[in-house]
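The structure appears below as structure tokens.
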Amino acid sequence: MTAPTTAADHNPDPAVVEYARRVLVDRAGNTVAEAVDGLPDTYQFIRDTRIRTQRATVTIGRYDTVDAVHAVALFAGTDDAAVVAATLDAERQQAERKSKAAQDDDDAKELRRRKARKNADRVEAAELYGDVAEVEVQIGDAATTPTEVTDSFLVESLWSYTRPQVLLYAKAKIGKSTLAHNVIAALLSGNRLFGRYRVETPAGRIGLIDTEMTPEHLRNEFGTEWPEIVANNERLATWSLGRKGAARQFDVTDPEVRQKWVDRLRTANVEVLIVDCLGPLLRTAGVSENEDAARFMEHIREVCDRAGVKAHLIVDHASSKQGNEGNGPRGDSKKQDTADALWKFSKNRDTGLFHLHVEGRDGEHTVDLERDVDSYRFRKVFYLDDPDYAREKDAHELFPVVRAAISDSPAVLSQTELRDAVGERLKRRADPPGRDRVRQAIISLTVQGCLSESRGERGAKLYALTGTEPVKPSKPVQRYDDGSFGGAPVPE
Numbered sequence: 001m002t003a004p005t006t007a008a009d010h011n012p013d014p015a016v017v018e019y020a021r022r023v024l025v026d027r028a029g030n031t032v033a034e035a036v037d038g039l040p041d042t043y044q045f046i047r048d049t050r051i052r053t054q055r056a057t058v059t060i061g062r063y064d065t066v067d068a069v070h071a072v073a074l075f076a077g078t079d080d081a082a083v084v085a086a087t088l089d090a091e092r093q094q095a096e097r098k099s100k101a102a103q104d105d106d107d108a109k110e111l112r113r114r115k116a117r118k119n120a121d122r123v124e125a126a127e128l129y130g131d132v133a134e135v136e137v138q139i140g141d142a143a144t145t146p147t148e149v150t151d152s153f154l155v156e157s158l159w160s161y162t163r164p165q166v167l168l169y170a171k172a173k174i175g176k177s178t179l180a181h182n183v184i185a186a187l188l189s190g191n192r193l194f195g196r197y198r199v200e201t202p203a204g205r206i207g208l209i210d211t212e213m214t215p216e217h218l219r220n221e222f223g224t225e226w227p228e229i230v231a232n233n234e235r236l237a238t239w240s241l242g243r244k245g246a247a248r249q250f251d252v253t254d255p256e257v258r259q260k261w262v263d264r265l266r267t268a269n270v271e272v273l274i275v276d277c278l279g280p281l282l283r284t285a286g287v288s289e290n291e292d293a294a295r296f297m298e299h300i301r302e303v304c305d306r307a308g309v310k311a312h313l314i315v316d317h318a319s320s321k322q323g324n325e326g327n328g329p330r331g332d333s334k335k336q337d338t339a340d341a342l343w344k345f346s347k348n349r350d351t352g353l354f355h356l357h358v359e360g361r362d363g364e365h366t367v368d369l370e371r372d373v374d375s376y377r378f379r380k381v382f383y384l385d386d387p388d389y390a391r392e393k394d395a396h397e398l399f400p401v402v403r404a405a406i407s408d409s410p411a412v413l414s415q416t417e418l419r420d421a422v423g424e425r426l427k428r429r430a431d432p433p434g435r436d437r438v439r440q441a442i443i444s445l446t447v448q449g450c451l452s453e454s455r456g457e458r459g460a461k462l463y464a465l466t467g468t469e470p471v472k473p474s475k476p477v478q479r480y481d482d483g484s485f486g487g488a489p490v491p492e
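Here UniProt numbering is used: the first residue of the sequence shown is 1, the next is one more, and so on.
Written out as structure tokens, the structure reads:
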């Protein structure tokens with residue numbers, strides 16, 4: 001087959017012709033570009049430079065084969081279209097072989113990367129968790145006999161020693177650090193958190209690793225706003241990493257850095273640790289907030305476990321997506337799986353009230369808070385229709401009767417016996433509480449630490465006095481007339 005001598009001698013698909021012309025022009029460079037005012041001129045120029053332009057023919061293969069052959073023959077000036085077709089096929093096959101070889105190489109690299117990551121994960125897991133004990137089978141009584149488990153709360157109903165890692169998150173500038181400082185003040189002083197929740201004062205120190213405040217800023221806030229922290233400052237240890245670049249000193253992805261912090265926390269006798277805030281630590285350590293933040297939290301847990309820290313709270317930012325706190329903490333969703341409890345902190349812009357929603361393996365609990373306008377302190381808001389308020393009001397009012405019933409009994413009382421003894425003493429009242437209200441009051445007194453609970457025969461709950469007085473709920477408030485949750489409180 002003899003190739004046509006001009007573009008008009010053969011009429012291949014115009015799109016193919018134009019594409020071939022453009023590819024050849026692009027491959028040849030500016031010199032060809034200056035001679036492409038018309039198709040015949042381009043054809044003549046390419047005929048004169050066909051050795052250079054034939055290298056571009058393989059790119060035409062994406063079009064229909066017949067039109068591609070004709071277009072290549074036309075522009076390359078080849079006398080035998082079959083030769084062009086054979087060359088085109090050979091170059092296409094070569095390109096496919098190269099592509100497959102490149103893909104095989106990429107697959108091999110990916111396989112090696114995954115194996116390396118798996119090996120690294122094994123080493124890291126060994127560092128984090130140590131030797132794993134053998135799995136024991138439980139059969140018969142061993143599988144069903146109850147085991148006494150003491151669930152000791154660091155903060156009543158909110159933070160348990162058996163669930164030590166808490167992740168507190170909220171959107172920017174809402175008061176996350178202030179809330180954390182409220183927790184520190186309560187743990188140091190023994191005062192009830194938010195004026196309501198009993199705390200267990202740790203025997204060791206409270207530690208604070210702060211990545212956002214300079215040492216001067218932190219000292220000024222504690223020294224001027226928190227007299228209860230000042231009064232107990234011998235039991236407080238702080239590390240301020242707020243200066244530029246200082247947060248990289250807490251890069252716990254590095255085993256040597258982890259060991260340094262284990263030594264620091266152990267030397268300072270830290271029993272409870274607050275880490276405020278996670279974001280700067282991730283950035284300075286070069287850790288992806290979207291992929292590896294949960295792993296970083298596991299490293300913090302390891303440091304605390306090895307240093308003898310019994311519980312730790314990590315402050316973090318909420319998701320910046322639409323919905324903010326409702327989407328959980330920012331970045332890696334595995335953070336929520338890693339933490340033992342989540343504290344979601346938010347503010348109602350309309351009412352000015354704050355809401356702390358605690359969610360974890362111990363259940364859920366929501367606390368409505370208001371902030372003192374003259375201080376950094378948050379206080380729990382009691383609503384008149386809140387079941388918690390009714391239980392705590394009954395617990396406070398019935399405690400003298402409960403105390404007398406236990407003190408006058410020659411034997412330890414079970415829950416049923418205590419409930420009946422209290423009911424017997426109250427039956428002469430004009431409006432005595434029912435059995436369920438008495439039972440709920442006993443439960444509330446137990447949660448508040450006013451009563452201790454042990455197990456008797458057949459698992460019966462037995463109660464004794466501890467010497468702790470119950471909380472007296474603050475004056476309750478009502479909601480809006482429409483009953484909407486979190487409505488602006490007004491006096492009763």
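We put the beta carbon where it would ideally sit given N, CA and C, even for glycine.
If you're wondering where the values come from, they're calculated on a predicted model, not measured in any experiment.
{"query": "Outcome for D316 when other beta-carbon atoms lying within 10 angstroms are tallied against a minimum of 16", "result": "buried"}
{"query": "DSSP beta-bridge partners of E453", "result": "Y463"}
{"query": "Under the three-state DSSP convention, the category E156 falls into", "result": "coil"}
{"query": "Cutoff 8 Å; reference R192; Cβ partners in own chain excluding five residues on either side", "result": "A186, R198, V199, V471"}
{"query": "Boundaries (first-last residue) of the alpha helix (DSSP H) holding F296", "result": "293-307"}
{"query": "Every unbroken beta strand (DSSP E) within the stretch 369-453, with a cutoff of 3 residues, ordered by chain", "result": "378-380"}
{"query": "DSSP state of V69 mapped onto helix, strand, coil", "result": "For V69, the predicted model reports a pLDDT of 44, less than 50, meaning its position is unreliable; a value from the coordinates is still stated below. Residue state, collapsed to three classes: helix."}
{"query": "Nearest candidate by alpha-carbon position, reference A395, set Q440, E424, N233", "result": "Q440"}
{"query": "Inter-stretch contact (C-beta, 8 Å, three-pair minimum) for the stretch 333-350 and the stretch 164-174", "result": "yes"}
{"query": "Under the three-state DSSP convention, the category T178 falls into", "result": "helix"}
{"query": "E359 versus A307: straight-line alpha-carbon distance, rounded", "result": "27 Å"}
{"query": "Cβ distance (whole Å) where A405 is taken to contact R425 below 8 Å", "result": "6 Å"}
{"query": "Test item: CB-CB of A268 and R205 under 8 Å", "result": "yes"}
{"query": "Span of the alpha helix (DSSP H) around W261", "result": "255-267"}
{"query": "Touching by the beta-carbon criterion (3+ pairs, under 8 Å), the stretch 328-337 and the stretch 286-300", "result": "yes"}
{"query": "For L462, the nearest candidate out of W239, V412, L445 (CA to CA)", "result": "V412"}
{"query": "Whole-angstrom distance between L369 and V477, CA atom to CA atom", "result": "12 Å"}
{"query": "Identified DSSP bridge partners for D104", "result": "Its beta-bridge partners do not exist; DSSP assigns none."}
{"query": "Of the listed residues G245, W261, K244, A246, nearest to V252 (C-alpha basis)", "result": "W261"}
{"query": "Which listed residue (S288, A285, L282, S160) has its alpha carbon closest to that of T201", "result": "S160"}
{"query": "Contact set for G456: own chain, Cβ-Cβ below 8 Å, skip 5 residues either direction", "result": "V412, S414, L462"}
{"query": "Burial state of V438 (16 or more Cβ within 10 Å)", "result": "buried"}
{"query": "Terminal residues of the beta strand (DSSP E) in which L353 lies", "result": "L353 -> no beta strand (DSSP E), and no H or E assigned at all."}
{"query": "Counterpart residues of D316 in DSSP-defined beta bridges", "result": "Y169"}
{"query": "CB contact flag (D388, R379, <8 Å)", "result": "no"}
{"query": "Alpha-carbon to alpha-carbon, E417 and L218", "result": "53 Å"}
{"query": "Distance between beta carbons of K310 and residue 504, contact taken as under 8 Å", "result": "Nothing about residue 504 can be reported from this structure: the residues present for the chain run from 1 to 492 only."}
{"query": "Buried versus exposed call for L188 [16 or more other C-beta atoms within 10 Å across all chains shown]", "result": "buried"}
{"query": "Test item: CB-CB of L236 and F250 under 8 Å", "result": "no"}
{"query": "Sheet register partners of Q249 (DSSP bridge)", "result": "According to DSSP, which records beta bridges pairwise, Q249 is partnered with nothing at all."}
{"query": "Top-ranked residue by Cα proximity to P255, from I300, V166, G459, E96", "result": "I300"}
{"query": "K347 to K244 span [Cα, whole Å]", "result": "30 Å"}
{"query": "Top-ranked residue by Cα proximity to C304, from R112, R264, L278, G328", "result": "R264"}
{"query": "8 Å Cβ cutoff, H317 in contact with chain B", "result": "In the structure shown, chain B does not exist; there is a single protein chain."}
{"query": "8 Å Cβ shell around V135 - same chain, five flanking residues per side excluded", "result": "none"}
{"query": "Burial state of L154, where buried means 16 or more other Cβ atoms lie within 10 Å", "result": "buried"}
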